[in-house]
Each structure stands twice: as C-alpha cells, then as structure tokens.
DNA sequence: AAAATATTCGCCAGAAATGGGGAGGAGAAG
DNA sequence: CTTCTCCTCCCCATTTCTGGCGAATATTTT
C-alpha cells in the first residue's frame, strides 16, 4: 500500500488538467480498493467542483438541490479537522434522513470516510472514500488507512488548486497594516467610533483606511470588504 | 523513519495537556533529526500559541513586536496550501530583511521548511522544521520528508485543537437556511434592498433573518455577524 | 398534541455609514 | 533624487442601517 500510494501521488502530480486529475481520482478506487472515491471542492455556493465515481445523475441532482447544505458529510466536515467516519456524523433531522435515503438509492455506499481539507482564501474541499463493507471491517480498514487517505486528499487538493489558478500561491490584493487594523476592528464588531478609538486615530482617518481597503479589494461596501478580507486570509479574527 | 514517525504519532495522540504536547513537539527534533521544530497557531491577532525549540526570549520578542505580521514565513504560508521552503518565500522589503537578521541572531536556523495547516472556524497554524544544513543537503532532505512533515503537522494540530476545545468538533450556533441565505447575500456585497430582491422576500423579512442570526451568533452588528458566520464556516462565500 | 422554530409581512424615527471633495508629511523603492 | 505608497486630518449631503413596536402560518421536534 505504501509503495502504491507513493507511485500514485507521483501520477497525481503529473496531471496537467482537470480531466487528467479526474482520471487519477478514479484510479484511486483500485489503490484504496473501495467502491467510490470523491473529491468535492466547495467554494461559493453554486461554484462547486466535484470529481467522483458516482453517477452523473446523482451529481446533477445533488447540485441542483443544493444538497451540500443539508448533507451531514459536508456540514460535519465543515466543523471538523480530522477525517471522520460517516456513522459518527449527525444524521438526526428530517432533511438529513431524507437525503440519506436518496443517496443510498442513487448508489452511494452506506459506509464512508471523509477528510476535510482547507486551503488559502477560504477554500474548502472534501475527499471521501465510500464502500459497502460491514461496520466492523470498515472500521478496521479506515483505521489502517487514515494517513494514506489524508495524504491522498492533500496531494489531490494541491493539484486541483494548482490547475485552477496556475500556482500554489494566490496573488491577492495586499492591504497596508493600518488597513488590516481597520478591517480587523470592524470584523470584531466595533463600530467606527470604537474602532478609531482603539486604534488611536480620528474617525475620519479610519474611514480613509476602510475606503482604500474597499477599493483595493473591489468590494461594494464595508461588509463585502470584510468578507473578502476574511476569506482571503488578509484579516484574521 | 516511517516506523519512527508511526510510533511518534501515537505518542502525540496520547498527550493530554499542552505541556505534554509541548514535550512531544520537542521530541520531534530527534525524530526528524533537525535543530528546531515549531508549532505556531495563529488565531486572533494577539491570541497565538507557540510551542518550539527556540529561546523563550525570541518568543517573547516575536509576540511583543507582532512579527507574525511581517514574518514572510507566516505571511507566505497564509497564502499557500503546500509546504514551502523558506528560500522560496518573498524576503524582499526592508521589514522582512530586518526581521530575518534578528531571527538569525536569535538562533533561528537559516534553513527552514514550513507547512500551513487550517482547521475549522478559521483556525490557522504553522508547523516548521529548521536547520543549518547546506542548501543542497536541505533540499534533498525536505524533498524526502514532505509527507512525514505533513502528517506530523496534521496530528500535532489535531491534538492541539482537541486539547483546546475538548473535541474535534466545534459546537457552534446553527443558523436556519434563510438566515444563511441572508448573511450570504450581505457577505457578497449586496445591500438589504438587493439581497431581499434576490431572495424574493420583503426587505423587512430579510431584516428579521439578519436580526435572528445576529442574536444567535452573539454579534454586535451585521458586519460582526457576517465575520463570525464566515469564520465559523456557517456561510461560504 | 403541545412546544418550539422557521418563514413571512409592515411602519417610523433616530443612529450610523457612505460618497465625494481636499491636503500635508514620512518613509521606502527604484 | 524622484516617485510611490502609507499615514494622518477635516466637512457635508445622502443613503442605509438599526431598534422597537406587532402578528400570522407552516413545519419540525418533543
């Protein structure tokens, strides 16, 4: 397995297009010896990318119904850091149960193991392996392969990001220190009066920073600027 | 190395306090055979945690001077997904060069390899190994150990998160679908008129959602609510 | 079946943010 | 040494947001 994964990662790194990457992702079924493999990148709602071994109908339906909003796998992984077995997710709630029914009907395996991956600029993706092994067997299997799955997820996501934007580094607008300060205060819930006091500057000066940050970020208003700065990692709150 | 790392990860997972974790992190010097090892978690500006093998004086100084804002290692990793060699970072700019000088004087190795790690709720951390090997040797060394470093970073961060908040899962407020819609529109830069039109509801109804979301999130104002929702992963823009 | 949420609608007045002007000094990069 | 970005301060008119009042139906959970 170790050797196969090493070889596999090399083939992933040699991919040059999303089509090739998609092929590599499907190859993973053999490497990991599971029924299904999924790489699902979720950025803006509605701007998702998925490469998987499910039916195309399921993908279409899933996206059309915005299932990412109720899918406990997505929702659970959004709140977690470590890979998680599907059985440990929260399947209570009508929407989740209904979704599960439809998913199983569509051929999605009842066992699954998903790893959340996060990149810069708020990027989020899921890497999943799914199968129909029994509970006991699946548990042993996943325990034995956590690290391999983590590494596969990492390198696939790296490649996806690289293909998408040409390099590892995102070239985003740069904000001056004071602009960062200003946006940070606002993101913490301060209004302009409080923020300017915290920074020991006049309220007018604060506004200049907010203004310039907004224009640098191409934001329509302050809230938009905060949202952009946060997702771009320019401001940490 | 493979075997040693496996054993090491088990010892990391058995740590029950930050002190123990700190011990495990220092042990990594032997596992990886490098001079310095650093785990640096950056959440709010000013709420950082670091566990490392540098001098306590350097840590104090670093935090006091807010060096995370100019440190090219931090800034570079904030924009990257894949581990990066320090030499490939952007050291131009007076602030960065001055910082480098002070760092080297403080005993920080001139070679370094850092991996960015991101968790839920906007959590961000860096795992770094640093040494004084020559360029050529260091390059070969890091190439050979990327995967080990990635895994070490992952499990250390997992443990740090677990110790910090008791479990892998963050238990955050849940928003209703419409509340998410409302905040999403605002985060995209729409004002209330545009947002309510997009959602085909009255402006007043929109306000109700914003209000309830704000109270659920314990936010002081709309901007604060957006910021919280974004960093908590409740809203994806 | 009862309780709790979620979704939807309206009006008004005061508070806050925005847009568009203008201007000087300090420091860094080329 | 010139150019550029950064930091700092000020006014006014208009738009937008916030807070506080109240209320009905539908869906989900307990």
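Protein chains in written order, with our numbering: chain W, 1 to 237; chain R, 238 to 474. Even glycine gets a Cβ: it sits at the ideal position worked out from N, Cα and C. On a predicted model such as this, the values are computed, not experimentally measured, just so you know.
Asked	Found
Using 8 Å as the threshold, is the C-beta distance between residue 242 of chain R and residue 388 of chain R below it?	yes
Is residue 67 of chain W helix, strand or coil by DSSP?	helix
For chain W, find out if any of its Cβ atoms is closer than 8 Å to the Cβ of residue 268 of chain R; answer yes or no.	no
Can you give the Cα-Cα distance for residue 21 of chain W and residue 47 of chain W, rounded to whole angstroms?	18 Å
Reducing DSSP to helix, strand and coil, say where residue 80 of chain W ends up.	coil
Where does residue 347 of chain R fall in DSSP's three states?	coil
In this structure, does DSSP put residue 372 of chain R in helix, strand or coil?	helix
Please confirm whether any heavy atom of the ligand MG lies closer than 7 Å to the CB of residue 164 of chain W.	Within the structure as shown, the ligand MG is missing, as the structure has no ligands at all.
Mind pulling the chain W residues with CB within less than 9 Å of residue 425 of chain R?	44, 220, 224, 227
Does residue 291 of chain R come out as helix, strand or coil in the three-state DSSP assignment?	coil
Does the beta carbon of residue 428 of chain R come closer than 8 Å to any beta carbon on chain W?	yes
Which residue spans inside the segment 384-451 of chain R form an unbroken alpha helix (DSSP H) run of at least 4?	414-424, 429-435
So residue 157 of chain W contacts chain R; which residues on that side make the cut at Cβ distance below 9 Å?	318
Using the Cα positions of residue 132 of chain W and residue 112 of chain W, report the straight-line distance between them to the nearest angstrom.	9 Å
Under DSSP, the alpha helix (DSSP H) around residue 31 of chain W begins and ends at which residues?	18-32
If the cut-off is 9 Å on Cβ atoms, which residues from the segment 134-154 of chain W count as contacting chain R, listed in chain order?	147, 150, 151, 154
Just the chain W side, please: which residues come within less than 9 Å of residue 310 of chain R by C-beta, in chain order?	Chain W residues near residue 310 of chain R: none, gap ~14 Å exceeds 9 Å.
The alpha helix (DSSP H) that contains residue 476 of chain R, what's its start and end?	Residue 476 of chain R is absent from the structure shown; chain R starts at 238 and stops at 474.
With residue 40 of chain W and residue 106 of chain W assumed to form a contact (beta carbons below 8 Å), what rounded beta-carbon distance in angstroms separates them?	Not quite, the Cβ-Cβ distance comes to about 15 Å (not below 8 Å), so this is no contact.
State the Cα-Cα distance for the pair residue 306 of chain R and residue 326 of chain R, rounded to the nearest angstrom.	15 Å
Measuring only the C-alpha atoms, how far is residue 473 of chain R from residue 167 of chain W?	23 Å
With DSSP run on the structure shown, which of helix, strand or coil describes residue 243 of chain R?	helix
Give a yes or no on whether 8 Å exceeds the smallest Cβ distance from residue 163 of chain W to chain R.	no
At the level of alpha carbons, what is the spacing between residue 250 of chain R and residue 396 of chain R?	6 Å
From the DSSP output, in three-state form, read off residue 342 of chain R for me.	helix
Name the chain W residues that come within less than 8 Å of residue 467 of chain R, Cβ to Cβ?	122, 227, 230, 231
Determine the direct distance from the alpha carbon of residue 427 of chain R to that of residue 194 of chain W, and round the result to whole angstroms.	25 Å
Assess contact between the segment 429-449 of chain R and the segment 290-304 of chain R, defined as three or more Cβ pairs (one per stretch) separated by less than 8 Å. Is contact present?	no
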